[in-house]
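There are 2 protein chains.
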Amino acid sequence: MVKPTVHDIAREAGVSLSTVDRVLNGRTDVRPKNAERVRAAVEKLGYVRDTYAANLAKQRRYRFLFVLPEGPNHFVETIAAAVHEAASAQVADRVDVEVMFVNAADPHAVVERLKQLNLATLDGVAIMVPETPQVRDAIAHIKSAGVYVVAFVSDLPNSKCDHFVGIDNFSAGKTAGALLGRFLRNEAGSILVVTNSMVARDSIERRFGLDEVLSRDFPRLKALPTVEFHDDPQRIRVTLDHAVADQADLKAIYSMGSGNAAMLDALRENAQLSHLIVVAHDLTAVTRQALLDDEIDAVIAQNVGHLVRSALRVLRAKCDKTLIFEAQEQIRIEIIVRENLY
Amino acid sequence: MVKPTVHDIAREAGVSLSTVDRVLNGRTDVRPKNAERVRAAVEKLGYVRDTYAANLAKQRRYRFLFVLPEGPNHFVETIAAAVHEAASAQVADRVDVEVMFVNAADPHAVVERLKQLNLATLDGVAIMVPETPQVRDAIAHIKSAGVYVVAFVSDLPNSKCDHFVGIDNFSAGKTAGALLGRFLRNEAGSILVVTNSMVARDSIERRFGLDEVLSRDFPRLKALPTVEFHDDPQRIRVTLDHAVADQADLKAIYSMGSGNAAMLDALRENAQLSHLIVVAHDLTAVTRQALLDDEIDAVIAQNVGHLVRSALRVLRAKCDKTLIFEAQEQIRIEIIVRENLY
DNA sequence: TGGTATCTGACATACGTATGTCACGTCAAT
DNA sequence: ATTGACGTGACATACGTATGTCAGATACCA
Numbered sequence: 118m119v120k121p122t123v124h125d126i127a128r129e130a131g132v133s134l135s136t137v138d139r140v141l142n143g144r145t146d147v148r149p150k151n152a153e154r155v156r157a158a159v160e161k162l163g164y165v166r167d168t169y170a171a172n173l174a175k176q177r178r179y180r181f182l183f184v185l186p187e188g189p190n191h192f193v194e195t196i197a198a199a200v201h202e203a204a205s206a207q208v209a210d211r212v213d214v215e216v217m218f219v220n221a222a223d224p225h226a227v228v229e230r231l232k233q234l235n236l237a238t239l240d241g242v243a244i245m246v247p248e249t250p251q252v253r254d255a256i257a258h259i260k261s262a263g264v265y266v267v268a269f270v271s272d273l274p275n276s277k278c279d280h281f282v283g284i285d286n287f288s289a290g291k292t293a294g295a296l297l298g299r300f301l302r303n304e305a306g307s308i309l310v311v312t313n314s315m316v317a318r319d320s321i322e323r324r325f326g327l328d329e330v331l332s333r334d335f336p337r338l339k340a341l342p343t344v345e346f347h348d349d350p351q352r353i354r355v356t357l358d359h360a361v362a363d364q365a366d367l368k369a370i371y372s373m374g375s376g377n378a379a380m381l382d383a384l385r386e387n388a389q390l391s392h393l394i395v396v397a398h399d400l401t402a403v404t405r406q407a408l409l410d411d412e413i414d415a416v417i418a419q420n421v422g423h424l425v426r427s428a429l430r431v432l433r434a435k436c437d438k439t440l441i442f443e444a445q446e447q448i449r450i451e452i453i454v455r456e457n458l459y
Numbered sequence: 118m119v120k121p122t123v124h125d126i127a128r129e130a131g132v133s134l135s136t137v138d139r140v141l142n143g144r145t146d147v148r149p150k151n152a153e154r155v156r157a158a159v160e161k162l163g164y165v166r167d168t169y170a171a172n173l174a175k176q177r178r179y180r181f182l183f184v185l186p187e188g189p190n191h192f193v194e195t196i197a198a199a200v201h202e203a204a205s206a207q208v209a210d211r212v213d214v215e216v217m218f219v220n221a222a223d224p225h226a227v228v229e230r231l232k233q234l235n236l237a238t239l240d241g242v243a244i245m246v247p248e249t250p251q252v253r254d255a256i257a258h259i260k261s262a263g264v265y266v267v268a269f270v271s272d273l274p275n276s277k278c279d280h281f282v283g284i285d286n287f288s289a290g291k292t293a294g295a296l297l298g299r300f301l302r303n304e305a306g307s308i309l310v311v312t313n314s315m316v317a318r319d320s321i322e323r324r325f326g327l328d329e330v331l332s333r334d335f336p337r338l339k340a341l342p343t344v345e346f347h348d349d350p351q352r353i354r355v356t357l358d359h360a361v362a363d364q365a366d367l368k369a370i371y372s373m374g375s376g377n378a379a380m381l382d383a384l385r386e387n388a389q390l391s392h393l394i395v396v397a398h399d400l401t402a403v404t405r406q407a408l409l410d411d412e413i414d415a416v417i418a419q420n421v422g423h424l425v426r427s428a429l430r431v432l433r434a435k436c437d438k439t440l441i442f443e444a445q446e447q448i449r450i451e452i453i454v455r456e457n458l459y
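Just so you know, the sequences run in chain order A and B. For the first sequence, the positions run 118 to 459 when the numbering used here is used. For the second sequence, the positions run 118 to 459 when the numbering used here is used.
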């Protein structure tokens, strides 16, 4: 009943400890017949390597890096805070975590920074940048150095990442649509959709999700063309004023990503907008306060603590070449109203 | 930069390894002055014990037990499955997990089973039973044997538990109320509240939460007195038929706990009820399917995987006497609609 | 001062695994 | 028969911590 060790395997297989080690760690110089006997013994006794003892012996440390977009952004700041929190909690687990900020808007700058990484000192990287051909190449380069890569928050479907840690943004958009449809029961009208930029694939996918649900389940609601306001708070204000003038049937606002603060500021300046349903993405200090103040009806969020811990667990699993526990790494699309705010 | 070891502490404090060990493990026979120097060195070098190395040396295994209510219940079955899943994932972490089912409806039977436990072979217990004076005493007994106890899913506020792993049911009820209020925008009417039994404090707390939100934010909505149907599917059917006859303004159903299947069956048999908004608790095979079939509008849930893993982490932290990472152990009140179903 | 109870340090062994060294086989090619 | 390549086993050391033994130091009291 007690956990078998390498010694038990050696005895069971009738070979020496050295041979067991050679098989287990994929070294050369083992006769196929003996390798097979070792594998059979492992199977029979149900041996699983004690990773902690192994790490102790190897003096192993896991060195991970988070690459996050720089610039003022509440969501990213929340993530960075979660990374630092997790990092301090994980020192006991032999993992060292660093954070690097890159100018995500400039693909060349991103690649430049990625190329400068000393890959010999790294075991894994979690990357949160938009996918470009250059980024794709940089990732291939990192991976070829034996460093594991996970796409973080934004998926990089065409890159050779080991995993994606984040939510399905298409479903997130559908969820927003479902909430809007239910919050506007029996009502017809239009929905203003705003985002900072549609360059990020996140926004595009969310928009698709929204449109699919609205057209299928709530055809009485019409989503207006997405308004992008590229870091210009003025623009959102003007857009809102126009919308309220042109669209007599405006019923709701869907804020798809960064820029919630600007959207809320604009909302506050136009009293006519106070009856609108507002659904926004990402739980930050700003949206949290807006929920409490009843300025936002619901927030679609992903738990940043889970995101970070999941990324770390996945990277560790890759390093240890162990299986990842899919159910645990599934990042939930959370719906947050004032009452279940945490 | 490298993690300090006990040797570093000994050197820094100018004492021997033995003395460091005596201080660290709370043994006797250490002069206060030396103990203080060791503590200062620990502080200065930022020493943290390597739990894994320590467990290796101690040949430590964590033996935990989940005490769950028996009887056919989808929610508990889901939990039991999650426990077994987590248990198999945790063998590598030196933890052995067992599950015991008790007849939660019979306090004496519960206590009888708890008293039979061989506490010498246990390190921690997660208990999910309603609180009674007998249970309270049994828990005190378990704790006095040096076994850690966490209240699991249902809180045991008057018992001497080490922790509560679960959601705040008052907030959960408020969340349900907030959803109902938003789903029934601008509408007035009554809400049917059903549950299997109000004996469990969960239901009582949820009801309080519901009432508070409705009266404060949505006074146009009136929640009818809670209908309990004590494992009698017939009862819920009759109740629904009466409600639809008596309450012309019936707008929604709030199912507060177990018994979703019976509620749904009754709903299906009365075509006049198909336009009702339905909010239910707990994500199980039944509610999952009902969400997909659009029979339920939203489910308030707690992630059973998180519940179980949190309980295990908390018990481990107690055994290791390390701090628990509150943010991670906070169980979320999840809102689930068809689109963010997982 | 002697006796004794209380502290302390040096050292050894162990946990399960990784890794290195070295000698000793076996077998085929020279 | 000699060489060399390959396969193997025995053994040692290490990782950071726990725990035990025991001799020796120190402090305290009479």
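Yeah, the Cβ is synthetic: ideal placement off N, Cα and C, and Gly gets one too. Note that the structure is a prediction, hence the values are computed from the model and not measured.
At least 8 angstroms separates the CB of B:K175 from every CB of chain A. Here the C-alpha atom of B:I308 lies approximately 37 angstroms from the C-alpha atom of A:G283. Residue environment: A:E187 is assigned as exposed (fewer than 16 neighbouring CB atoms within 10 Å of its CB, all protein chains considered).
Under the Cβ distance rule, A:L301 counts among the residues neighbouring chain B, one pair being separated by less than 8 angstroms. Here DSSP, grouped into helix, strand and coil, assigns B:A418 to strand.
Residue ranges of uninterrupted beta strand (DSSP E) with 3 or more members, entirely inside the region 364-445 of chain B and ordered along the chain, are 367-372, 394-398, 415-418. Think of a sphere of 8 angstroms around the beta carbon of A:V282: no beta carbon from chain B falls inside it, the nearest being about 15 angstroms out. Around the beta carbon of B:D349, fewer than 16 other beta carbons lie within 10 angstroms, which makes this residue exposed.
By the rule that beta-carbons nearer than 8 angstroms mark a contact, B:D240 does not touch chain A. Contact of A:I450 with chain B by beta-carbon distance below 7 angstroms involves N457. Using a CB distance below 9 angstroms, the part of the region 400-424 of chain B facing chain A consists of D411, D414, A415, I417, N420, G422, H423, ordered along the chain.
Relative to the Cα of A:V184, the nearest Cα in the group A:A415, A:R302, A:M245 belongs to A:M245. Taking all protein chains in view, the Cβ of A:S271 is crowded by 16 or more other Cβ atoms within 10 Å, so the residue is classified as buried.
Inter-residue distance for A:S261 and A:A171 is about 25 angstroms (C-alpha atoms, whole angstroms).
At a beta-carbon threshold of 7 angstroms, the residues of chain B lying near A:F442 are A206, ordered along the chain. A Cβ-Cβ contact shorter than 8 angstroms links B:A158 with B:I126. The three-state reading of DSSP puts B:D213 in strand, counting E and B together. Here B:Y179 carries a strand assignment [DSSP, helix/strand/coil].
Annotation: the continuous alpha helix (DSSP H) that includes B:S320 extends over 318-334. Per the Cβ contact rule, the region 370-384 of chain A is in contact with the region 394-408 of chain A (3 or more Cβ pairs under 8 angstroms). Using a 10 angstroms sphere on the CB of B:V165, the tally of other CB atoms stays under 16, which defines it as exposed. A straight line joining the alpha-carbon of A:L301 with that of B:F300 spans about 7 angstroms. Here the C-alpha atom of A:D382 lies approximately 27 angstroms from the C-alpha atom of A:F218. With a cutoff of 8 angstroms on beta-carbon distance, A:V252 and A:S288 are scored as not near each other. For A:L236, same chain residues with a beta-carbon under 7 angstroms away, outside a window of 5 residues either side, are I259, A262, V264 in chain order. For A:T195, no CB of chain B lies under 8 angstroms from its own CB, so it is not counted at the interface with that chain.
Runs of beta strand (DSSP E) with 3 or more residues, each lying fully within the region 189-264 of chain A, are found at 212-219, 241-244, listed in chain order. The beta carbons of B:V216 and B:V227 sit no closer together than 8 angstroms. Counted as a single uninterrupted DSSP element, the alpha helix (DSSP H) harbouring B:F300 occupies residues 286-300. Taking CB atoms only, B:A434 has no neighbour in chain A less than 8 angstroms away. The CB of B:K291 comes closer than 7 angstroms to the CB of E456 in chain A, given here in chain order. In the structure shown, the three-state DSSP call for B:H280 is strand. Contacts between A:V330 and chain B, judged by CB atoms closer than 7 angstroms, involve E456 in chain order. By alpha-carbon distance to B:A362, the top candidate from B:A378, B:A407, B:N387 is B:N387. By DSSP's assignment, B:S307 forms a beta bridge with B:K339, B:L367. Residues of the region 212-238 of chain A that bring their beta carbon within less than 8 angstroms of a beta carbon in chain B are absent altogether.
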